[in-house]
Amino acid sequence: MIKCMNGRLKPFRYVLQITTMKKRLFSGIQPSGEVHIGNYLGAIKNWISLLDDYDCIFSIVDYHAITIEYDPGIMQERIINAAATNIAAGLDPDRCIIFVQSQVPEHTELAWILNSLTPMGILERMTQFKDKAQQNEKNINVGLFDYPVLQTADILLYKGCTVPIGEDQVQHVELSREIARKFNARYGDLFPEPQHLLSNAPRIMGLDGKNKMSKSMNNYISLIEEPEAIWKKLSRAVTDENRKRRDDPGNPDICNVYTLHKYFSTDSELDRINKECRSAEIGCVDCKRILSDNMIKELAPIREKSLELINNPANVIDTLNTGAEKCKKIAEETMKEVRSLMGLR
Ligand code: TRP
Numbered sequence: 000m001i002k003c004m005n006g007r008l009k010p011f012r013y014v015l016q017i018t019t020m021k022k023r024l025f026s027g028i029q030p031s032g033e034v035h036i037g038n039y040l041g042a043i044k045n046w047i048s049l050l051d052d053y054d055c056i057f058s059i060v061d062y063h064a065i066t067i068e069y070d071p072g073i074m075q076e077r078i079i080n081a082a083a084t085n086i087a088a089g090l091d092p093d094r095c096i097i098f099v100q101s102q103v104p105e106h107t108e109l110a111w112i113l114n115s116l117t118p119m120g121i122l123e124r125m126t127q128f129k130d131k132a133q134q135n136e137k138n139i140n141v142g143l144f145d146y147p148v149l150q151t152a153d154i155l156l157y158k159g160c161t162v163p164i165g166e167d168q169v170q171h172v173e174l175s176r177e178i179a180r181k182f183n184a185r186y187g188d189l190f191p192e193p194q195h196l197l198s199n200a201p202r203i204m205g206l207d208g209k210n211k212m213s214k215s216m217n218n219y220i221s222l223i224e225e226p227e228a229i230w231k232k233l234s235r236a237v238t239d240e241n242r243k244r245r246d247d248p249g250n251p252d253i254c255n256v257y258t259l260h261k262y263f264s265t266d267s268e269l270d271r272i273n274k275e276c277r278s279a280e281i282g283c284v285d286c287k288r289i290l291s292d293n294m295i296k297e298l299a300p301i302r303e304k305s306l307e308l309i310n311n312p313a314n315v316i317d318t319l320n321t322g323a324e325k326c327k328k329i330a331e332e333t334m335k336e337v338r339s340l341m342g343l344r
């Protein structure tokens with residue numbers, strides 16, 4: 000197996016460089032427009048904690064986004080917003096690369112090559128494809144089917160070793176390992192087998208308390224939500240459904256609002272709410288008020304920074320262009336190696 004050292008070391012330089020070489024980390028960001036607290040707590044916070052230990056590349060995956068119906072007129076806005084909000088939330092471009100996938104066409108070139116190594120049968124078994132095909136019955140296109148191969152190309156193009164993702168993407172990273180192994184066996188050792196890295200934040204549930212927080216379920220709080228809107232959304236959030244009246248005791252263990260408190264409130268607030276909810280001393284409205292105040296406070300700097308970047312997109316565009324240039328260099332190198340191993344050029 001290829002060592003996760005990006006494979007560029009000559010033996011005599013190894014000793015000198017080993018102390019400074021970091022493993023490459025790659026992850027993809029969907030340009031879904033608004034970034035919500037589920038993304039923030041479940042993914043972005045985890046990424047931030049990895050910035051110093053890895054050589055990090057984050058891609059806004061617009062070529063993945065076009066596999067479902069979308070409005071071309073607002074795609075650029077979605078991309079800029081996704082970049083701006085992720086940067087504002089802490090993906091500091093001085094400590095990682097952030098770029099737009101379609102600015103580096105080698106992603107699709109490598110995807111085509113990897114297509115020829117991927118059995119249809121494996122893709123037919125992908126849970127996300129089956130789910131999305133069901134949700135988009137009228138538009139089950141080849142791109143949707145091939146999505147995991149493009150994702151594999153994303154990772155392998157940079158010889159990514161570590162892929163931080165949510166539970167729902169584990170199957171895709173397993174596939175990328177399989178494809179890497181196949182390429183190496185067929186054409187010669189080139190790619191490391193990427194490993195997934197799950198964040199320790201559990202899935203953040205939406206305000207309905209039932210489904211994962213997501214834009215499409217409209218059960219989310221975005222990172223640039225107005226303070227009043229945060230309160231409005233929280234006031235309608237589902238709590239322990241067995242607590243029907245104010246005087247009923249509640250059970251924080253099964254209350255999604257209490258779960259959200261764990262990310263935004265202090266230990267003493269948590270203790271108090273836990274106790275007073277069980278004894279019906281505190282009602283859901285007051286409990287949500289505390290959460291809302293804390294959330295508004297924590298999100299304020301992110302919101303401010305995001306809006307500043309969104310309103311002045313030239314800076315974000317600059318950052319993305321610089322990111323794409325750096326990625327392009329790495330991608331070109333990899334493609335030279337790929338073509339040469341495959342007898343193409
Ligand atoms: N499919 C991923 C998601 O929906 C996004 C993604 C695209 C990705 N390319 C990637 C994640 C490469 C990790 C590595 O979340």
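Just so you know, the sequence shown maps onto residues 0 to 344 in numbering that gives the first Met the number 0. Even glycine gets a Cβ: it sits at the ideal position worked out from N, Cα and C.
I need the DSSP call for residue i, collapsed to helix, strand or coil.
| i | result |
| --- | --- |
| P163 | strand |
| R185 | helix |
| V99 | strand |
| L197 | strand |
| K129 | helix |
| F144 | helix |
| R302 | helix |
| R12 | With a pLDDT of 47 at R12, under the threshold of 50, the predicted position of this residue should be treated as unreliable, though the coordinate-derived value follows. The answer is helix: DSSP assigns R12 an H, G or I state. |
| W111 | helix |
| I67 | coil |
| D93 | coil |
| Q29 | coil |
| S339 | helix |
| G6 | Since pLDDT at G6 reaches only 47, below the 50 mark, its modelled position is unreliable, and no value is offered. |
| E297 | helix |
| D61 | helix |
| T256 | Residue identity differs from the one stated: residue 256 is Val in this sequence, not Thr. Helix, per DSSP. |
| R180 | helix |
How would you call residue i, buried or exposed, if buried means at least 16 neighbouring beta carbons within 10 angstroms?
| i | result |
| --- | --- |
| L40 | buried |
| K310 | It should be pointed out that residue 310 corresponds to Asn in this sequence rather than to Lys. Counting Cβ neighbours within 10 Å, N310 comes out exposed, since fewer than 16 surround it. |
| A313 | exposed |
| V34 | buried |
| E227 | exposed |
| R12 | Its pLDDT being 47, under 50, R12 is placed unreliably in this model, and the coordinates cannot settle the point. |
| V141 | exposed |
| I119 | The amino acid occupying residue 119 in the given sequence is Met; Ile does not appear at that position. M119 is exposed by the Cβ-count criterion. |
| K287 | buried |
| D252 | exposed |
| E392 | The question about residue 392 has no answer, for the chain in this structure spans 0 to 344. |
| R7 | The predicted position of R7 is uncertain, since its pLDDT is 48 and thus under 50; a value taken from the coordinates is nonetheless stated next. So R7 ends up on the exposed side. |
| D246 | exposed |
| P201 | exposed |
| V284 | exposed |
| T84 | buried |
| S48 | exposed |
| T107 | exposed |
| N80 | buried |
| I73 | exposed |
In whole angstroms, give me the CA-to-CA distance for residue i and residue j.
| i | j | result |
| --- | --- | --- |
| E177 | I86 | 32 angstroms |
| P300 | L343 | 51 angstroms |
| D52 | K21 | 7 angstroms |
| Y332 | L156 | First, the residue type needs correcting, since residue 332 is Glu and not Tyr in the sequence shown. Taking the straight line from one Cα to the other gives about 9 angstroms. |
| E123 | H171 | 12 angstroms |
| K325 | I316 | 14 angstroms |
| S58 | E68 | 21 angstroms |
| K158 | K231 | 45 angstroms |
| K328 | D91 | 21 angstroms |
| L50 | S278 | 43 angstroms |
| P30 | A179 | 26 angstroms |
| V337 | Q194 | 21 angstroms |
| S198 | E225 | 28 angstroms |
| Q127 | L143 | 9 angstroms |
| Y62 | Q102 | 10 angstroms |
| A64 | M204 | 23 angstroms |
| A152 | A330 | 10 angstroms |
| K44 | D54 | 17 angstroms |
| N38 | N210 | 14 angstroms |
| S26 | I154 | 8 angstroms |
| E280 | G208 | 23 angstroms |
Starting from residue i, follow its DSSP beta bridges and name the residues at the other end.
| i | result |
| --- | --- |
| R124 | Answer is none; R124 lacks a bridge partner. |
| C55 | L24 |
| M204 | K211 |
| S221 | H35 |
Is any beta-carbon of chain D found at less than 8 angstroms from that of residue i?
| i | result |
| --- | --- |
| P251 | Chain labels in this structure do not include chain D; a single protein chain is all it has. |
| said: Quick check: the stretch 208-223 against the stretch 171-186, are at least 3 beta-carbon pairs closer than 8 angstroms? | reply: no
| Just checking, does the stretch 108-117 make contact with the stretch 138-155 on the three C-beta pairs under 8 angstroms criterion? | yes
| message | Below 8 angstroms, how does it come out for the stretch 318-327 and the stretch 263-280: are there three or more Cβ pairs, yes or no? | response | no
| task | Count the CB pairs spanning the stretch 126-134 and the stretch 87-103 that are closer than 8 angstroms, and state whether there are at least three. | result | no
| said: Quick check: the stretch 290-297 against the stretch 239-254, are at least 3 beta-carbon pairs closer than 8 angstroms? | reply: no
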